[in-house]
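There are 2 protein chains.
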Amino acid sequence: MLNDDAQPGTATERAYRFTKAGILDGSLPAGELISEGQVARPLRLSRTPVREAFLQLQAEGLLKLFPKRGALVVPVSTGEVEAVIEARDVIESHAIDRVAAASDDVLDEVVAAMTAAVADQVAAVTAADELAFVEADRLFHTVLVRAGCRSLLLDVYGSLRDRQLRMNLGALGGRFPGRSEGLVAEHRALLDRLRARDAPGARQVLREHLAGTRASVLGAPAV
Amino acid sequence: MLNDDAQPGTATERAYRFTKAGILDGSLPAGELISEGQVARPLRLSRTPVREAFLQLQAEGLLKLFPKRGALVVPVSTGEVEAVIEARDVIESHAIDRVAAASDDVLDEVVAAMTAAVADQVAAVTAADELAFVEADRLFHTVLVRAGCRSLLLDVYGSLRDRQLRMNLGALGGRFPGRSEGLVAEHRALLDRLRARDAPGARQVLREHLAGTRASVLGAPAV
DNA sequence: CTCGGACGACTGAGATGCAAGAGGGATGCG
DNA sequence: CGCATCCCTCTTGCATCTCAGTCGTCCGAG
C-alpha cells in the first residue's frame, strides 16, 4: 500500500499486484466501479499496463469489465461463496483420494509438509499473527492439492484461494473470531485420516471443515 | 478463416476469435512462436487489441507469452491430456452426484436434454457430419455439468472442453476413427445409470468413457 | 574451417493521443 | 413543480509512436 512505485517487475505486474491487493484488502471496496486511471495515476503508469492487469483480474473473477463504463469490483455474493466452497470440496476431495492411494514415500512427504504447516499455524496463533496464520492455512491445503492434482486443477485451486481470502476479509473484516483452534483441530483430524489412508474419512473431515468455513463466512453478521 | 474482416464485435473480440480458431483448427500449429503482427495484419487491426486477445488466450492456457520473444502455441503434451482428463473426471463426477441426488423434476429435465443430445449425435453419425457430432457430444456433457455445478466449476469446464477439442484435432487430425458408435453407447449407458439415480454406476461409466477418450487421443498412432 | 563478437532487423512493452459511447446533471418546456 | 431533452464530462477502445531487449547473421581473427 505504501510502496506504490519502484517495485520490481514489469509495469503490468505492478498494476496487477496493486489492484489485486487493493481488492483483497478492501481498499477498493466490492461493488465499486473503478477506472483505469484510478490505478494508473498513483503508480505513475500509463493506462496500457493497467488495462492488461484488469483483463487478468477479470479472468480470475475479481473484476468485471463494463465497456465504456469501468471495472466493477465484483461483490462477494452468497452464490459465489457456495461456488467456491463447492469447488474447493471437489478439488480437495480428489486430492485426498489421490494422496491416500499414493506410495508410502509420497504420502509420508505430504503428511510431513502438512504437519509442518499445522505447526506454523499453532505458532501463528500464539504469536497472534493473523497473516501468518492465514498463510499457513493456505499452505496446508495447497500442499495437499499440489500432491494430488495435476497442473490444471492446481491452477484453478490457486485462484480459488484468492477469492476465499477476499470472502474472509469481506465478511469478517480480517478477523477469525476464535475459529483458529477449530481450524487447527480439523486440520489435525484430516491429517490423521490421511495418515491412515482413510480417504472417505478424510473427505468427511474436509466436508465438515468447509462447512465450518462456509458458516463463518456467511453467518457472520459483522464484528 | 475466409471472413477475416467485417466481423461483428470489438476489435479485441475479432482478434481473439481469429487466433483461437487458428489454434483450434491447426492453422497456427502447436509449438509455433507467433507474433502479434501475424494476427494484426490480416485482420487490419493495430497490435493493441491483438495483445489483449493473446493475454486472454494465455489465461485459457492456449498460448504462452514470452517477453520480447513472442507467443508460443502451447503444444498438447501428454501431461496436459492427462490433466484435462483428470479435471473432466473430477468435475463431471461431481455433476453426476449432484444430478443423481436432485429432485425428480430436475433429473427428468437433464435426462431429457442429454437424451436429445445423444439423438443429435446419432443423426450426425448417419449424416457423417463431424462438426455436428462433436458439437452434440459437447452439449451432452455440458448439460450434465451445467445442471450439477455452480458457475465457477462450469467456467472451468468450458475452457476444458476447448482444450480437449484441440487435443482431438491435434492427435487425430479431426477424425474420430470409428469411435462414434462407442461414444454414443457409452453416453446411453451413462444416461441409464443416471436415470436410475445410480451415481456410482454412472461415475464408473464416465471413467471408462474418459479412459476411452484418453486412449484414442494418446494411443492413436494414426487411424 | 571454426569460433566469437558486433551489427542490424524484428518484436514486444509501454506511453500517448484521439474518438466514440454512456451517464449525470443542468436547462427549458409544459 | 415535474419531466423530457440536451450537453458536458468521464471512461474506455483503438491507433500510433518510441524504446528496449532478443535473435540471426555477417565478418574477422585464430
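Protein chains in written order, with UniProt numbering: chain A, 1 to 223; chain B, 1 to 223. Yeah, the Cβ is synthetic: ideal placement off N, Cα and C, and Gly gets one too.
Between residue 154 of chain A and residue 143 of chain A, the CB-CB gap reaches or exceeds 7 Å. Nearest C-alpha to residue 61 of chain B among B:67, B:68, B:72 and B:131: B:72.
Residue ranges of uninterrupted alpha helix (DSSP H) with 4 or more members, entirely inside the UniProt domain "HTH gntR-type" (9 to 76) of chain B and ordered along the chain, are 11 to 25, 36 to 43 and 47 to 59.
The three-state secondary structure of residue 150 of chain B, taken from DSSP, is coil. Here the region 149 to 167 of chain B makes no contact with the region 113 to 131 of chain B; the two share fewer than three CB pairs at distances below 8 Å. Residue 80 of chain B and residue 91 of chain B have their alpha carbons spaced roughly 16 Å apart. Judged by DSSP in its simplified three-state form, residue 219 of chain A adopts coil rather than helix or strand. Taking 7 Å as the Cβ-Cβ cut-off, the region 150 to 164 of chain A approaches chain B at 150, 151, 152, 153 and 156, given in chain order. Not a single CB atom of chain B sits nearer than 7 Å to the CB of residue 217 of chain A. Contact with chain A is absent for residue 92 of chain B, since none of that chain's Cβ atoms lies less than 7 Å from the residue's Cβ.
In this structure, residue 188 of chain A keeps its C-beta atom at 7 Å or more from the C-beta atom of residue 96 of chain A.
Each of A:191, A:70 and A:183 was checked against the Cα of residue 112 of chain A, and the nearest Cα belongs to A:191.
Here DSSP, grouped into helix, strand and coil, assigns residue 197 of chain B to coil. In the structure shown, residue 155 of chain A adopts helical secondary structure according to DSSP, grouped into three states. One alpha carbon belongs to residue 195 of chain B, the other to residue 108 of chain B, and they sit about 8 Å apart.
Counting C-beta pairs with one atom in each stretch, the region 42 to 49 of chain A and the region 39 to 46 of chain B have fewer than three that are closer than 8 Å, which means they do not touch. With contacts defined as CB atoms closer than 7 Å, residue 86 of chain A and residue 150 of chain B qualify as a contacting pair.
The Cβ of residue 59 of chain A sits closer than 7 Å to at least one Cβ of chain B.
Using a CB distance below 7 Å, the part of the UniProt domain "HTH gntR-type" (9 to 76) of chain B facing chain A consists of 52, 55, 56 and 59, ordered along the chain.
At a cut-off of 7 Å between beta carbons, residue 95 of chain B makes no contact with chain A. Chain A places a beta carbon closer than 7 Å to that of residue 83 of chain B, counting this residue as a contact. Only buried fits residue 49 of chain B, as 16 or more other CB atoms lie within 10 angstroms of its CB. Against residue 208 of chain B, chain A offers no close residue; the least beta-carbon distance is about 18 Å (beta-carbon pairs closer than 9 Å). Neighbours of residue 87 of chain A in chain B, taken as residues at a C-beta separation under 7 Å, are given in chain order as 152 and 153. Assignment of residue 128 of chain B by DSSP, reduced to helix, strand and coil, places it in the coil class.
In chain order, 117, 120, 121 and 124 place their CB closer than 7 Å to the CB of residue 136 of chain A, counting only its own chain and leaving out the 5 sequence neighbours on each side.
Around the beta carbon of residue 78 of chain B, fewer than 16 other beta carbons lie within 10 angstroms, which makes this residue exposed.
A residue is called buried when at least 16 other Cβ atoms come within 10 angstroms of its Cβ; residue 126 of chain A does not meet this threshold and is exposed. With respect to residue 100 of chain A, residue 197 of chain A sits close: the two C-beta atoms are nearer than 7 Å. Secondary structure at residue 102 of chain A: coil, using DSSP grouped into helix, strand and coil. The straight-line gap separating the alpha-carbon atoms of residue 13 of chain A and residue 51 of chain B is approximately 15 Å. Here residue 179 of chain A carries a coil assignment [DSSP, helix/strand/coil]. Of the candidates A:182, A:138 and A:10, the residue whose Cα lies closest to the Cα of residue 68 of chain B is A:10.
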